[in-house]
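Asks: Chains as they are written, first to last, in the UniProt record's numbering: chain Z, 1 to 120; chain F, 1 to 233.
1) Any beta carbon of chain Z sitting closer than 8 Å to that of residue 164 of chain F?
2) Hey, residue 124 of chain F and residue 136 of chain F are a contact pair by Cβ (cut 8 Å); roughly how many whole angstroms apart?
3) For residue 51 of chain Z, decide whether its Cβ has a neighbour in chain F, counting only Cβ atoms nearer than 8 Å.
4) Strictly below 7 Å CB to CB, what residues from chain Z border residue 135 of chain F?
5) DSSP on residue 132 of chain F, reduced to helix/strand/coil?
6) Taking the straight line between their C-alpha atoms, what separation do you get for residue 50 of chain F and residue 20 of chain F?
7) Taking C-beta pairs closer than 7 Å, name the residues in chain F that residue 36 of chain Z reaches, listed in chain order.
8) Go through its chain and collect everything with a Cβ distance to residue 121 of chain F's Cβ below 8 Å, but skip five positions before and after it.
9) Do residue 48 of chain Z and residue 45 of chain F count as a contact pair if the criterion is CB distance below 8 Å?
10) Could you tell me whether the Cβ atoms of residue 11 of chain Z and residue 57 of chain Z are closer together than 8 Å?
11) Let me check understanding here. Comparing Cα to Cα, which of F:22, F:11 and F:80 lies closest to residue 203 of chain F?
12) Could you tell me the boundaries of the alpha helix (DSSP H) in which residue 70 of chain Z lies?
13) Run through the region 135–216 of chain F for me and flag every whole alpha helix (DSSP H) of 4 or more residues, listed as ranges in chain order.
14) Excluding the five sequence neighbours on either side, which residues of its own chain have a C-beta within less than 7 Å of the C-beta of residue 17 of chain Z, listed in chain order?
15) Report yes or no: is there a C-beta of chain F within less than 8 Å of the C-beta of residue 105 of chain Z?
16) Report buried or exposed for residue 1 of chain F, applying the criterion of at least 16 other Cβ atoms within 10 angstroms of its Cβ.
17) Expressed to the nearest angstrom, what Euclidean distance is found between the alpha-carbon atoms of residue 66 of chain Z and residue 176 of chain F?
18) Does the beta carbon of residue 218 of chain F come closer than 8 Å to any beta carbon on chain Z?
19) Answer with yes or no whether the minimum CB distance from residue 86 of chain F to chain Z is below 8 Å.
20) Between residue 38 of chain Z and the ligand MN, is the CB less than 7 Å from at least one heavy atom?
21) Is there a Cβ of chain F sitting closer than 8 Å to that of residue 46 of chain Z, yes or no?
22) Identify, in the order they occur along the chain, each residue of the same chain with its Cβ nearer than 7 Å to the Cβ of residue 282 of chain F, setting aside the five sequence neighbours on each side.
23) Let me make sure I understand the geometry here. Which of F:200, F:228 and F:229 has the alpha-carbon closest to that of residue 31 of chain F?
24) Taking the CB atoms as reference points, tell me whether residue 152 of chain F and residue 71 of chain Z lie closer together than 8 Å.
25) Go through the region 66–111 of chain F residue by residue and report every complete run of the alpha helix (DSSP H) that reaches 4 residues or more, in order.
26) Assuming residue 183 of chain F and residue 226 of chain F form a contact by the criterion Cβ under 8 Å, report the distance between their Cβ atoms to the nearest whole angstrom.
27) Rounding to the nearest angstrom, what Cα-Cα distance links residue 59 of chain F and residue 94 of chain Z in this structure?
28) Between F:216, F:62 and F:138, which has its C-alpha nearest residue 5 of chain F's C-alpha?
29) What are the start and end residues of the alpha helix (DSSP H) that includes residue 34 of chain F?
30) Name the chain Z residues that come within less than 9 Å of residue 232 of chain F, Cβ to Cβ?
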């Protein structure tokens, strides 16, 4: 447990560094993304060892679902604040999500097929 | 002070215990997709909170710790990306093709459908960054003039929709490539999608994380730059 807390402190430090960078340079990127980059750079450069952060990061990622529960609950409780027709929202969002899924899926499949044909 | 503290404790206890309960049901049921803790726990909490005499404000205040953990979760994505770095480097072209076409399809289609449905400025501004993960989408939408409740609504509904429908669509359209499946889930359902693609395997999971992070970066860089450009013209 103590080890996980220590590892979590490293992740937290990366987040804090990201937040500081983001606010000093007025970057459009949020601190969490910058923190992710910093940690990735640290790992790639060998400054941070995988074993220093792996345990905490894995458990944080494994329970990502838990972290989405408060905003989803808040959304349902806040329903009155949203002045928009739900069926329109659902239609727009589901259609554009389908476009993303199919756009990504088919383009990668096509790319792989073309590459395979060229190699044959 | 003591009220806030008790409130925080109660929010955390209620959220965590219902989550552990939901997770148990999910595991007992052999991972039936519709029993995903996200749905069962949300429903449980929605029913439970009035009995704990909690309203929206106090629950949101009390559950702040989870938004911090969501941010460290995003930082933690560095680990799967690092582990799969050689794979990502090898497939960089394929990944770029997937992300650019998926992202373009998403941006163009959402704006087009929004105009067809008669959405106005504020709603469109909240809609544009919806393919980015929640914290990123919130900060971009804020700078575009969108509103926080609308942004959360759009991001979460699209993520939930893609999480539920995505795997069936990919199966139905016979999309078998591991890269394609992981990327598609990561771009369309962000952290939830990346999580889902880890269930298929390490490679899909890494692609899911890459899809999610790259989309977030593109959204947070391209949209504000586009706005600057429009402002100059």
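The beta carbon of each residue, even a glycine, is placed where N, CA and C say it ideally should be.
Replies: Reading from the atomic positions:
1) As a working note, residue 164 of chain F is residue 164 in the second chain. By this cut-off, residue 164 of chain F is not an interface position.
2) Translated into the one-based positions of the second chain, residue 124 of chain F becomes position 124. Translated into the one-based positions of the second chain, residue 136 of chain F becomes position 136. Going by Cβ atoms, the distance from residue 124 of chain F to residue 136 of chain F rounds to 18 Å, so no, they are not a contact pair.
3) To locate residue 51 of chain Z, count along the first chain from 1; it is residue 51. It does not; no Cβ of chain F falls within 8 Å.
4) For the purposes of this step, residue 135 of chain F is identified with residue 135 of the second chain, where counting begins at 1. Going along chain Z in sequence order, the residues near residue 135 of chain F (Cβ under 7 Å) are 30 and 32.
5) The residue you call residue 132 of chain F lines up with position 132 of the second chain. DSSP places residue 132 of chain F in coil when its eight states are reduced to three.
6) Locating residue 50 of chain F in the second chain gives position 50, counting from the first residue. Locating residue 20 of chain F in the second chain gives position 20, counting from the first residue. Answer to the nearest angstrom: the Cα atoms are 20 Å apart.
7) Residue numbering aside, residue 36 of chain Z sits at position 36 when the first chain is read from its first letter. In chain order: 74, 75, 77, 78 and 213.
8) Position 121 of the second chain, counted from the first residue, corresponds to residue 121 of chain F. 145.
9) Within the second chain, residue 45 of chain F is the residue found at index 45, counting from 1. Within the first chain, residue 48 of chain Z is the residue found at index 48, counting from 1. For residue 45 of chain F and residue 48 of chain Z, no; Cβs fall outside 8 Å.
10) Taking the first chain and counting its residues from 1, one reaches residue 11 of chain Z at position 11. Taking the first chain and counting its residues from 1, one reaches residue 57 of chain Z at position 57. Cβ atoms of residue 11 of chain Z and residue 57 of chain Z: closer than 8 Å.
11) On the second chain, position 203 is the one that residue 203 of chain F refers to. The candidate whose alpha carbon is nearest that of residue 203 of chain F is F:80.
12) Numbered from its first residue, the first chain carries residue 70 of chain Z at position 70. Here the alpha helix (DSSP H) through residue 70 of chain Z covers 64–77.
13) 148–172 and 178–198
14) Position 17 of the first chain, counted from the first residue, corresponds to residue 17 of chain Z. Hits under 7 Å: 35 and 38.
15) For the purposes of this step, residue 105 of chain Z is identified with residue 105 of the first chain, where counting begins at 1. Output row for residue 105 of chain Z: interface = yes.
16) Within the second chain, residue 1 of chain F is the residue found at index 1, counting from 1. In this prediction, residue 1 of chain F has a pLDDT of 49, which is less than 50 and means its spatial position is unreliable; what the coordinates show is noted afterwards. Exposed, since its Cβ has fewer than 16 Cβ neighbours within 10 Å.
17) In the first chain, residue 66 of chain Z corresponds to position 66, counting from 1. In the second chain, residue 176 of chain F corresponds to position 176, counting from 1. Those two C-alpha atoms are separated by around 29 Å.
18) On the second chain, residue 218 of chain F is found 218 positions in, with the first residue counted as 1. Judged by the 8 Å Cβ criterion, residue 218 of chain F is not in contact with chain Z.
19) As a position in the second chain, residue 86 of chain F is number 86, starting the count at 1. So no, residue 86 of chain F is outside the interface.
20) The ligand content of the structure shown is nil, which means the ligand MN is not present either.
21) In the first chain, residue 46 of chain Z corresponds to position 46, counting from 1. By this cut-off, residue 46 of chain Z is not an interface position.
22) Residue 282 of chain F falls outside the range modelled here, since chain F spans only 1 to 233, and no answer is possible.
23) Along the second chain, read from residue 1 onward, the residue named residue 31 of chain F stands at position 31. Closest option to residue 31 of chain F, Cα to Cα, is F:200.
24) Taking the first residue of the second chain as 1, we reach residue 152 of chain F at position 152. Taking the first residue of the first chain as 1, we reach residue 71 of chain Z at position 71. Yes, the pair counts as a contact, with Cβ atoms nearer than the cut-off.
25) 78–83 and 85–90
26) For the purposes of this step, residue 183 of chain F is taken as the residue at position 183 of the second chain. For the purposes of this step, residue 226 of chain F is taken as the residue at position 226 of the second chain. At roughly 23 Å, the Cβ-Cβ gap does not stay under 8 Å, so residue 183 of chain F and residue 226 of chain F are not in contact.
27) One-based indexing of the second chain puts residue 59 of chain F at position 59. One-based indexing of the first chain puts residue 94 of chain Z at position 94. Near 29 Å, if we compare the C-alpha coordinates of residue 94 of chain Z and residue 59 of chain F.
28) Translated into positions along the second chain, residue 5 of chain F becomes position 5. For the residues F:216, F:62 and F:138, the minimum Cα distance to residue 5 of chain F belongs to F:62.
29) By one-based count along the second chain, residue 34 of chain F stands at place 34. Element bounds for residue 34 of chain F: n/a, residue is neither H nor E.
30) As a first step, residue 232 of chain F is located in the second chain; it is residue number 232 there, counting from the start. Within 9 Å Cβ-Cβ: nothing; residue 232 of chain F doesn't reach chain Z, min ~17 Å.
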